[in-house]
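J.: The structure is given below, and queries will be raised subsequently.
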Amino acid sequence: SVLLLLIAVSRKTKVVEKVVEKPVEKIVEVEKPVEKIVEVEKVVEVEKVIEKVVEVESKLATAPTDSAMQLLSIMQQEARLIDFLKEDLTSFSDEEVGAAARVIHTGGQKVLADYVTLAHIRNEDEETRITVAEGFNPQEIRLTGNVTGNAPFNGTLVHKGWKATDMNLPKLAENYDASVIAPAEVEL
């Protein structure tokens with residue numbers, strides 16, 4: 156009877172097979188190219204530079220200043236030029252500045268007429284086309300605008316320029332201090 160029971164039980168039991176997929180980790184080795192590091196010792200020679208200060212005589216001449224200071228002094232005496240230039244004009248009207256400019260202009264013209272002979276550098280009319288030849292004197296002609304290339308240059312004469320052809324200033328006394336443009340004045 157136990158045997159019949161086992162057969163009966165075994166017939167009623169169902170065997171269920173279940174397939175379970177289990178992920179398996181798989182280690183994959185990948186070959187990486189290996190860089191070879193090569194150490195190279197590089198020797199760099201360094202020169203030691205020693206600077207030596209060499210004094211060179213300047214080719215530029217220093218102009219004597221006595222005549223320039225003397226001319227400023229005369230312009231102050233005759234035209235009150237320094238007083239005008241040092242004055243703060245913001246508080247004056249245009250009419251007052253114009254009146255002062257007339258005094259300076261008249262006195263300045265007298266100084267130039269008495270002591271300096273001037274001539275134009277260029278004699279052509281202003282605003283005319285001129286040619287500046289190769290080898291021009293850059294002290295006498297200033298090129299402005301789009302200056303490219305080499306002379307000859309063609310352009311418009313904007314200003315004729317001025318050149319002192321003669322200066323006839325009074326002789327200075329032996330111990331005269333030309334740096335005194337205008338002495339202080341004290342009225343007694």
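Counting in the numbering used here, the sequence shown runs from 156 upward without gaps. Don't be surprised by glycine CBs; every beta carbon is placed ideally from N, CA and C.
Using 8 Å as the threshold, is the stretch 263-271 in touch with the stretch 297-311, meaning 3 or more CB pairs across them?
T.: no
J.: K315 by DSSP, collapsed to three states: which one?
T.: coil
J.: Out of curiosity, what's the CA-to-CA distance linking G290 and S228?
T.: 37 Å
J.: Give the range of the beta strand (DSSP E) segment to which R284 is assigned.
T.: R284 to V287
J.: Can K318 and E295 be called in contact, C-beta distance under 9 Å?
T.: yes
J.: Among A288, K315, G253 and E342, whose alpha-carbon lies nearest the alpha-carbon of G344?
T.: No answer is possible for residue 344: the residues shown for the chain start at 156 and end at 343.
J.: Would you tell me roughly how many angstroms separate the C-alpha atoms of A110 and P338, rounded to the nearest one?
T.: Nothing about residue 110 can be read from this structure; the chain reaches only from 156 to 343.
J.: Could you work out which residue in D280, N323, N292 and G316 is closest to A223 when comparing CA atoms only?
T.: The residue with the shortest Cα to Cα distance from A223 is N323.
J.: Buried or exposed for L240, going by 16 or more other Cβ atoms inside 10 Å?
T.: exposed
J.: Measuring alpha carbon to alpha carbon, tell me which of V313, I259 and P293 ends up nearest I285.
T.: V313
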